[in-house]
Each structure stands twice: as C-alpha cells, then as structure tokens.
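The block underneath contains the structure these notes are about, expressed in structure tokens.
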Amino acid sequence: QSALTQPASVSGSPGQSITISCTGTNSDVGGYKYVSWYQHHPGKAPKLILFEVTNRPSGVSDRFSGSKSDNTASLTISGLQAEDEAHYYCNSYTSSGTLVFGGGTKLTVL
Amino acid sequence: QVQLVESGGGLVKAGGSLRLSCAASGFTFTEHYMSWIRQAPGKGLEWLSYIRYSSDYTYYGDSVKGRFIISRDNANNSVYLQMNSLTADDTAVYYCARVTQWGLGLDYWGQGALVTVSP
C-alpha cells in the first residue's frame, strides 16, 4: 500500500492557475473513479474539495477542478487566491478495499 | 449541522494501548461509513481504517493492521479506534471522518485528538 505520488511543492501568483498531479497505479487511481482531494490549512481539519475525480461538494468554489488520465489524477486551481495557500492531498480507493493518500503538496501563493 | 468530536487522546508509553472515541451528530449515522486518519508531526495525512454501516466489514492500512481495531456503536452514534502495541511512530493527531454516501470522499472531519507515545 504505497502512498500516491504528489509533487512536494508548487507555487503560483494570484490570478494564475496551477495543477497538482497525483500518480498511482492501475490498482488504485487508474482502476477506480474514487479519487478525492483535500485542502489542509495548518491547525485546522482537512477539507474535502473534490470527490469521484471531478465532483465538488456543496460550497466548494468552482475554481477547483479535477481530472484523471490513466494512473494520474490532477487537481487544478484557477484564479489563485492568497487563501488557497495550504497543503493539498489526493486520496484513492484501492483494489484491496482500502484508501490511500498521496504524500501531500504544499501550495505557495507568491 | 454535522459534528464529529474525538476524545481519548493523551500520553501513553510505548507498548501500551489507548482507545479513541468519536461522537457524531447532525446526520443519520447508520447511513455512512466512518473512517480514521492521522497526521504525524511534520508528515502528511495517513489513512488508517474505515468501517461500514453495520460493522460487517472493516479495512485497515498496512501500518496499523493487526494492532488497531475500529468499531462503531450505532445506538450511540459513535465510532472507536482501539490502538494496541503503540510505538513512537504512532505519535500523531488522529482524526475521525465521515465517508460520503457516494464516492468514498471524507466530507466531515473532527478537530483531531493528539496521541503521544513516549519511549
């Protein structure tokens, strides 16, 4: 059950768009539509921002979008805002019936 | 509104045991799987376990399989994590979370409970 692979850090300027990748295998990301993304500000509980690859929970900004191709899922944040600065984690269902997180990506808004 | 409140965290010696509780309110508890996740100091999120509606199926991450046991009490809207054979590597903030009815997302999280395992 290896963690999914995410870049350690990404950065962008306000108003720009950034994409965070999440790479797994065909036993997790590539095999199922159950990929979710979380935003985590230090000291707060993580927040679900996407589930089933592309679906946004009620109240989540449409600046957050998701996609998946083969074994890699991606989170795109458009129109970057200062408040988007946080850690982002992907998560996938696996063929073992378990869940697995990515290592996390720190987003810096310049 | 949905609320999840963890309790039971604290300081424990290596080799010891601890039981975390998570009290849920604001939703129909029996309609959701429940899950535990942790974050060690300076590390990322690690999924630990989830339990289905009526405790018929439970799943665990490799790092806790055989040592931790998840359970739920649907009459009291609570989920538990029994943690045994604790080591320093288990030092972390432990979160309980509700699993979405579709898509296996973790849509509501508690505030977290700190578990510190001393050598």
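In order, the protein sequences belong to chains A and R. Residue numbers are given in the working numbering: position 72 of the first sequence equals residue 73, and the series is strictly consecutive. Residue numbers are given in the working numbering: position 83 of the second sequence equals residue 68, and the series is strictly consecutive. Ideal Cβ placement from N, Cα and C applies to all residues, glycine included. All of these numbers come straight from a predicted model, not from anything done at the bench.
Cβ-based neighbour list, residue i, same chain, cut-off 6 Å, excluding 5 preceding and 5 following
i: residue 8 (chain A); result: 106
i: residue 80 (chain R); result: 22, 94, 95 and 97
Beta-bridge pairing of residue i - partner residues as DSSP gives them
i: residue 65 (chain A); result: A:78
i: residue 45 (chain R); result: R:34
i: residue 54 (chain A); result: According to DSSP, which records beta bridges pairwise, residue 54 (chain A) is partnered with nothing at all.
i: residue 58 (chain R); result: R:63
i: residue 11 (chain R); result: DSSP, once it has assigned bridges, lists no residue as partnering residue 11 (chain R).
i: residue 12 (chain A); result: A:109
Span separating the alpha-carbon of residue i from that of residue j
i: residue 0 (chain R); j: residue 87 (chain A); result: 35 Å
i: residue 60 (chain A); j: residue 48 (chain A); result: 11 Å
i: residue 109 (chain A); j: residue 4 (chain A); result: 22 Å
i: residue -8 (chain R); j: residue 7 (chain R); result: 6 Å
i: residue 37 (chain R); j: residue 111 (chain A); result: 42 Å
i: residue 82 (chain A); j: residue 12 (chain A); result: 11 Å
C-beta neighbour in chain R for residue i, strict 8 Å
i: residue 37 (chain A); result: yes
i: residue 65 (chain A); result: no
C-beta neighbour in chain A for residue i, strict 8 Å
i: residue 87 (chain R); result: yes
i: residue 31 (chain R); result: yes
i: residue 74 (chain R); result: no
i: residue 92 (chain R); result: yes
i: residue -12 (chain R); result: no
Close Cβ partners of residue i (< 8 Å) along its chain, the five nearest in sequence each way excluded
i: residue 73 (chain R); result: -1, 102, 103 and 104
Spatial neighbours of residue i in its chain, beta-carbon cut-off 7 Å, leaving aside the 5 residues before and after
i: residue -6 (chain R); result: 5, 79, 98, 99 and 100
Are the segment 60 to 69 of chain R and the segment 66 to 73 of chain A touching, with three or more C-beta to C-beta distances below 8 Å? no
Are there three or more Cβ pairs, one per stretch, closer than 8 Å when the segment 14 to 28 of chain R is compared with the segment 68 to 80 of chain R? yes
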